[in-house]
Amino acid sequence: MSEYVTKRVPYIPLRGQAFFPGTIVGFDIGRDKSLAAVDLAMNGDKYIAVSAQRDPSVSEPHQEDCYLTGVIVRVRQVVKKNEDYVRILVVVEQRIRIEEIYQDGDTLACDFVIAEDYDNDTEDISMQANIRVLRQLYMKYLELTGQGESAGRTLIDDIDDPSLLCSLIANEIDVSFDIKQTLLEIDSVKLRISHLVDIIGKENNILSIAKRINNRVVKNMNRGQREYYLREQLQVIKEELGEDEDTDDEIRQWKEKLDELKLEEKTDTKVRKEIDKFSKMSPMSPDANVSRTYIETILDLPWHKANKVNRNINKAEKILNEDHYGLEKVKERILECL
Numbered sequence: 088m089s090e091y092v093t094k095r096v097p098y099i100p101l102r103g104q105a106f107f108p109g110t111i112v113g114f115d116i117g118r119d120k121s122l123a124a125v126d127l128a129m130n131g132d133k134y135i136a137v138s139a140q141r142d143p144s145v146s147e148p149h150q151e152d153c154y155l156t157g158v159i160v161r162v163r164q165v166v167k168k169n170e171d172y173v174r175i176l177v178v179v180e181q182r183i184r185i186e187e188i189y190q191d192g193d194t195l196a197c198d199f200v201i202a203e204d205y206d207n208d209t210e211d212i213s214m215q216a217n218i219r220v221l222r223q224l225y226m227k228y229l230e231l232t233g234q235g236e237s238a239g240r241t242l243i244d245d246i247d248d249p250s251l252l253c254s255l256i257a258n259e260i261d262v263s264f265d266i267k268q269t270l271l272e273i274d275s276v277k278l279r280i281s282h283l284v285d286i287i288g289k290e291n292n293i294l295s296i297a298k299r300i301n302n303r304v305v306k307n308m309n310r311g312q313r314e315y316y317l318r319e320q321l322q323v324i325k326e327e328l329g330e331d332e333d334t335d336d337e338i339r340q341w342k343e344k345l346d347e348l349k350l351e352e353k354t355d356t357k358v359r360k361e362i363d364k365f366s367k368m369s370p371m372s373p374d375a376n377v378s379r380t381y382i383e384t385i386l387d388l389p390w391h392k393a394n395k396v397n398r399n400i401n402k403a404e405k406i407l408n409e410d411h412y413g414l415e416k417v418k419e420r421i422l423e424c425l
């Protein structure tokens, strides 16, 4: 779309996103004016201007709420996700300077001019040095983020144009949209690449330090800390599975009742071990049901409560004979024990 100098097209404000020329990106839209802008574009030449909102929380942005450096995109695909929003796939073509954003019927539109690049000389020595450093830093970034260098080489190995190289890498790194917006606004390709080198260099330092700290923490973690860490993970997993609150309440009630019973140390320890064992089980497992029954039976026993012993052997013999037919030898043994 390089044949024009000034043009009016539908406009979409973006929440927390900044795009770069030469990339293909997808994003969701749901606001009525944005949906109308897509419809208008699809019925025309498919071009839309986009730029980031200064504050993503603003629901009805006006010109003062939006950055005036954005990009012109061409819509390739529109997929309706549900009644509330659609996902559109676009080719990002050029950087633009927006002159005015205004209401145009049911949608927003804008007037803009192309933001021309300069300082894009591949023969410049300092440019070559920055490009070499940028490639190296990006490979290191992929390594630190666990993405693998092969993906990065596939993306940038055959790219000779400095502006396109900068766009592709800037689009891939995980930094805040306002940092990307600052990069997008720089017209000098040489300065833009230098700025991107600083951004990735800083990110790599942060990632390296975070990795060293994490390795040191794991290495120095004693058994108690390790158990705490694992229990925290288990807690999160239980919450995700919806197995958290009811089970925790049950365990808490058991421990409170155990505290009230004031059992002998040996018995108390055994019951607490069983409760801890239960806490690590899935509440729906058969073993958990057996463990629960055992714990509840122990806690329901009449601890510290004793009835007066009835030592009347004749009465005991009478009860045994009334309740149990036969079993003479068994009843004799019971009476002997009594």
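If you're matching positions, the sequence shown starts at 88 in this note's numbering and goes up one per residue. Ideal placement from N, C-alpha and C gives every residue a C-beta, glycine not left out.
Our two residues, ASN217 and VAL284, have alpha carbons roughly 7 Å apart in a direct line. ALA136 has TYR98, ILE159 as its beta-bridge partners, per DSSP. When secondary structure is reduced to three states using DSSP, THR110 falls in the coil class, being assigned neither helix nor strand. Excluding its 5 nearest sequence neighbours in each direction, GLY235 has C-beta neighbours in its own chain below 7 Å: LEU229, listed in chain order. According to DSSP, residue pairing for ARG379 in a beta bridge does not occur. Look at LEU229 here: in three-state DSSP terms it is helix. DSSP places THR356 in the uninterrupted alpha helix (DSSP H) bounded by 352-366. Of all alpha-carbon atoms in PHE107, CYS424, VAL96, the one lying nearest the alpha-carbon of GLU259 is that of PHE107.
By the Cβ rule, the segment 209-224 counts as touching the segment 266-286, because three or more pairs are nearer than 8 Å.
Distance between GLN164 and GLY113, taken at the CA atoms: about 9 Å. Apart from the 5 residues on each side of it in sequence, ASP115 sits with its Cβ closer than 6 Å to the Cβ of TYR172, ARG174 in its chain, given in chain order. By DSSP's assignment, LEU176 forms a beta bridge with GLY113, GLN164. Straight-line spacing of the CA atoms in SER263 and ILE256 works out to 14 Å. If you check the CB distance, VAL162 and VAL177 come in under 7 Å. Contact annotation: TYR98 and LEU231 have beta-carbon atoms that are not nearer than 7 Å. Taken atom to atom, the span from the alpha-carbon of LYS344 to that of ARG303 is near 41 Å.
Beta-bridge pairing by DSSP links LEU195 to GLN190.
A distance below 7 Å separates the beta carbons of ILE183 and GLY157. Minimum Cα-Cα distance from VAL358 among the listed residues ASP248, VAL166, LEU388, LEU127 corresponds to LEU388.
Between the beta-carbon of ASN291 and that of LEU242 there is about 17 Å, and that puts the pair past the 8 Å contact cut.
Sequence-distant Cβ neighbours of THR110 in its own chain, meaning closer than 7 Å and more than five residues away, are VAL179, SER254, LEU255, ASN258.
DSSP places ARG420 in the uninterrupted alpha helix (DSSP H) bounded by 415-424. In this structure, the beta-carbon distance from TYR154 to SER144 does not fall below 7 Å. According to DSSP, ARG182 shares a beta bridge with VAL158.
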